[in-house]
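Just below is one structure, and these are the notes that go with it.
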Amino acid sequence: MGSIGLARTLALVVPVALLAGALGSQYLGGLYPCEMCHWQRWPHYAAVPLALLSIVLRDKGMGTVFLWLAAVAIFASGAIGVFHAGVEYGWWEGLTSCSTSPGGGGDFLADIMATPVISCDQPQWTLFGISLAGFNAIISIGAAMVIAWLTRKTTR
481 MGSIGLARTL ALVVPVALLA GALGSQYLGG LYPCEMCHWQ RWPHYAAVPL
531 ALLSIVLRDK GMGTVFLWLA AVAIFASGAI GVFHAGVEYG WWEGLTSCST
581 SPGGGGDFLA DIMATPVISC DQPQWTLFGI SLAGFNAIIS IGAAMVIAWL
631 TRKTTR
């Protein structure tokens, strides 16, 4: 596998792994996401099909364009993670409307009453003092930089 193949693999594996971790911690681990947690997921949701398109269209010029777009989406998730981690560590103010939305059940009022309100400024889980938002920032920005470096190295 060459540099560009590794970049494509990373562009697919990193967001899939981070989303699996986020969804697993939510549905299996009972860690309810706040609003900014959801924001960090959106760019990863976009990065997966972009990475798949970069793989499918690898022999065409558009494959590299989709790879760059996937890298930008992964980086965007990391940037949101930096903002969220800064709110958690008290470095800056968060958003006042930071809470979860009700689930997709049939009874809207029951969903509202059963949905825990999660504050964006309180990490639910940390490891070595780093929250999940912090880990997302580190992994996403690092991966986006590696993907960009590998892609640029190949396209020169």
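Residue numbering for the sequence shown follows this note's numbering, beginning at 481 and increasing consecutively. For each residue, glycine too, the CB sits at the ideal point set by N, CA and C.
Check: Do residue 520 and residue 564 have their CB atoms nearer than 8 Å?
Finding: yes
Notebook entry, point to check: With which residues is residue 607 paired in a DSSP beta bridge?
Noted result: 610
Checklist line | Three-way DSSP call (helix, strand, coil) for residue 573 in this model | finding: coil
Check: Taking the runs of the alpha helix (DSSP H) that are 4 residues or longer, which of them lie wholly in the region 506-543?
Finding: 515-536
Next item on the list: Compare the Cα-Cα distances from residue 524 to each of 572, 624, 484 and report the closest residue.
Entry: 624
Next item on the list: Just the C-alpha distance for residue 538 and residue 527, rounded to the nearest angstrom, thanks.
Entry: 16 Å
Next item on the list: Buried or exposed for residue 567, please, with buried defined as at least 16 other CB atoms from any protein chain shown within 10 angstroms of its CB.
Entry: buried
Margin query: Helix, strand or coil for residue 599? Go by DSSP, reduced to three states.
Written below: coil
Check: Is any beta-carbon of chain D found at less than 8 Å from that of residue 624?
Finding: Of the protein chains in this structure there is only one, and it is not chain D.
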